[in-house]
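S.K.:
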Amino acid sequence: MEDDIPHIADLQGATVAILNNRWTSMNIISEQIGIILKEQHGVADVFEKLIPLASAAPQETFDEVEAKAQVAIVGLAN
């Protein structure tokens with residue numbers, strides 16, 4: 000199977016987007032993930048985008064994440 004997904008060797012200097020579905024636990028988890036990524040993996044910036052609780056995020060969200068981040072984490076906690 001051909002893999003068209005781009006890969007990065009490490010997170011040093013990267014910008015990471017966290018997509019948060021707004022459950023209380025995800026708010027806590029995303030904050031902790033951001034701290035760990037910066038302190039332990041050298042991530043330059045972490046930004047969070049709120050996504051709908053029960054439906055797909057709008058295309059504008061994906062466009063912004065693609066333009067600004069090298070890595071995205073989709074958080075679906077409850």
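Quick note: the sequence shown uses numbering that gives the first Met the number 0, first residue 0, plus one each step.
Idealized CB from N, CA, C, for every residue including glycine.
A quick note: this is a predicted structure, and the numbers were derived from the prediction, not measured.
#1: Quick one: using the 10 Å Cβ neighbour count with 16 as the cut-off for buried, is Gln58 buried or exposed?
#2: Report the residue from Leu52, Ala71, Ser54 and Ala53 whose alpha carbon sits nearest the alpha carbon of Phe61.
#3: Can you check DSSP and say which residues form a bridge with Glu47?
#4: Starting from Pro71, follow the alpha helix (DSSP H) in both directions and report where the run begins and ends.
#5: Would you mind reading off the limits of the alpha helix (DSSP H) that contains Val64?
M.R.: Per the coordinate set shown:
#1: With fewer than 16 other Cβ atoms within 10 Å, it is exposed.
#2: Ala71
#3: Ile17
#4: As written in the sequence, residue 71 is Ala, which differs from the Pro given in the question. Per DSSP, Ala71 lies in no alpha helix (DSSP H); the unbroken beta strand (DSSP E) holding it starts and ends at Val70 to Gly74.
#5: Gln58 to Lys67
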